[in-house]
Amino acid sequence: MEKSLPFSFEQVQNWVGKHPTPFYVYDEAGICETVSAVNNAFGWNPGFREYFAVKATPTPAILRIMEQMNCGADCSSIPEILLAKGSGISGQRIMFTSNETSAAEYRTAREAGAIINLDDLTQIENLENACGIPETVCCRYNPGQFNYATNAIMGHMYDTKFGMKKDQLFQALKTLKEKGASHLGIHAMLTSCSLEQGYYPALARELFGLVLEIRETLGITLSFVDMAGGIGIPYRPGERAVDIKTAGEGVRLVYEEMLRSNGIELPLYTEMGRFITGPHGYLLTTVVGKKHIWKEYVGVDASPADLMRPAMYGAYHHITVSGKEDLPAAETVDVVGALCENNDKFAVDRPLPHTEIGDVLVIHDAGAHGHAMGYNYNGRLRCAEYLMHADGTLQMIRRAQSVQDYFATLDVDKEFKFE
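Note that the sequence shown covers residues -7 to 411 in this note's numbering.
Laid out in structure tokens, this is it:
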């Protein structure tokens, strides 16, 4: 898949003339197109809902798009629940998927009317003590081994902290039913960032087999299956994107074979945060220095405080030099920021057109787990976010963090004077 931009060099020059870099730009039209593709791919399933993973892009303007397109929100903390509610997503359109969960979090989720997705058998007692057992509860499954797709981000299932073993899952469902839960579901996310076209159908076969076994063994007919996320995006040029329509059709065939043929009809849920917003977010950053020592370095005004994935995972993000998209590579460089850490590199040994101080670099595929993972190491302030509407206009949806924001929690130190 070739990398292109939904905006022009002239637009970029106009934006950076008005707004200091670094900043994020999200393509509204691209996001809406992808949500529509997901909804259409699974439209054959009565009750299907995409629960957008709030952790991917926790911004109300993005969540309002999801609400308008009939999506729910998958949340994992109190602030994420409040973000969903404040964006118009409420009740069972919120899935609360957490682990090592506090009583306060359970109470907030229950008060919001969210579906609570339990990560462990022991959490049943914690949930009951915190706020009682709701009528609708989901349980997260970890098979320990899934011979289809693994990667370095999530790792093998036996080495993953999430979910319950099969015997624990069955015991949890039995216990929850005995305690009054009448609508039970199962959830599993068995990989992250998979580009394998058959992942979802393979996952469906795993989960639908559980549905049948649970009915036969426990006499419980589940009310829904949450297939979570796991579908990735082609970060590198040349990688092929998952065809979501084909994936949805693959799941339909397994559904017909395993469930409908056995008289079972139930809603399917997904939570494809990365797939929906990842390809439609861009980090714009300005070249502020060029260094020539043992290697060649291009220094920019962004850092891992703005986009952590390359530093954290060694993740690849394509980089375009705005206005030089059609020029050949002329130098091989490390693209670095100003943090006092040597993993502060957006690219290592990356061929790029010749860059000059003042050039704007566009870092692709930063729309999920980009700004959301930001932090303040070295006192670096988090950057602004903008939404690009279909007509090309830019709307600020989160302002840049200020020095006052950074020092705000020091109000307990009466001797500290910020000037």
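Don't be surprised by glycine CBs; every beta carbon is placed ideally from N, CA and C.
Note that the structure is predicted; figures quoted are calculated from it, not measured.
Between H346 and the set G359, P193, V313 and S174, the nearest pair of CA atoms involves V313.
Between the alpha carbons of M181 and E348 lies a gap of roughly 44 Å. Counting of Cβ neighbours within 10 angstroms places Y133 among the buried residues, the total reaching 16 or more. Per DSSP, reduced to three states, the secondary structure at G190 is coil, with no helix or strand assignment. In this structure, G359 sits away from P226, with a CB-CB distance that is not shorter than 8 Å. For M61, no pairing in a beta bridge is given by DSSP. Each residue's CA atom was taken as its position, placing E198 and V30 some 21 Å apart. Between the region 270 to 284 and the region 1 to 20 there are three or more C-beta pairs closer than 8 Å, enough to call the two in contact. Under the three-pair Cβ rule at 8 Å, the region 17 to 29 counts as touching the region 53 to 67. With 16 or more other CB atoms across the displayed protein chains lying within 10 angstroms of its CB, V243 is buried. Apart from the 5 residues on each side of it in sequence, P343 sits with its Cβ closer than 7 Å to the Cβ of A321 and T324 in its chain, given in chain order.
For the pair F44 and L260, the CB atoms are not nearer than the 8 Å cut-off. For T128, the enclosing beta strand (DSSP E) stretches over residues T128 to R132.
Boundaries for R99: no beta strand (DSSP E) harbours it, while the alpha helix (DSSP H) harbouring it runs A95 to A104, taken from the DSSP string.
Our two residues, Y369 and L331, have alpha carbons roughly 8 Å apart in a direct line. Within 10 angstroms of the beta-carbon of A101 lie 16 or more other beta-carbons, which makes it buried.
Rounded to the nearest whole angstrom, the C-alpha separation of I206 and T49 is 35 Å. Contact check for A294 against I311 fails: the beta carbons are separated by 8 Å or more.
The continuous beta strand (DSSP E) containing K282 extends over residues G273 to H284. The way I'd put it, the region 87 to 102 does touch the region 115 to 124; three or more beta-carbon pairs between them come closer than 8 Å. Contact annotation: Y18 and L373 have beta-carbon atoms that are not nearer than 8 Å. Looking at the DSSP output, G83 sits in no beta bridge, so it has no partner there.
Excluding the 5 residues flanking it on each side, G371 has same chain C-beta neighbours closer than 7 Å at Y398, in chain order. Between the region 352 to 367 and the region 294 to 305 there are three or more inter-stretch CB-CB distances shorter than 8 Å, so the stretches are counted as touching.
Counted as a single uninterrupted DSSP element, the stretch harbouring R342 is not any alpha helix (DSSP H) but the beta strand (DSSP E) occupying residues K337 to L344. When secondary structure is reduced to three states using DSSP, Y261 falls in the strand class. At a Cβ-Cβ threshold of 8 Å, D218 and H175 do not count as neighbours.
In this structure, the CA atom of Q115 is about 25 Å from the CA atom of I81.
Assigned with DSSP and collapsed to three states, Y43 falls in strand. In this model, D111 and V129 are separated by some 11 Å (Cα to Cα). In its chain, beyond the 5 residues on either side, E20, I23, C24 and V27 have a beta carbon closer than 8 Å to the beta carbon of I57. Ranked by how close their Cα comes to the Cα of V290, the residues A297, V280 and P296 have V280 in first place. Cβ atoms of S90 and P52 stay farther apart than 8 Å, at about 21 Å. Taking all protein chains shown into account, M388 has fewer than 16 neighbouring C-beta atoms within 10 Å of its C-beta and is therefore exposed. Annotation: A392 to T167 spans about 48 Å, alpha carbon to alpha carbon. In the three-state DSSP reduction, T26 falls in the helix class (H, G or I).
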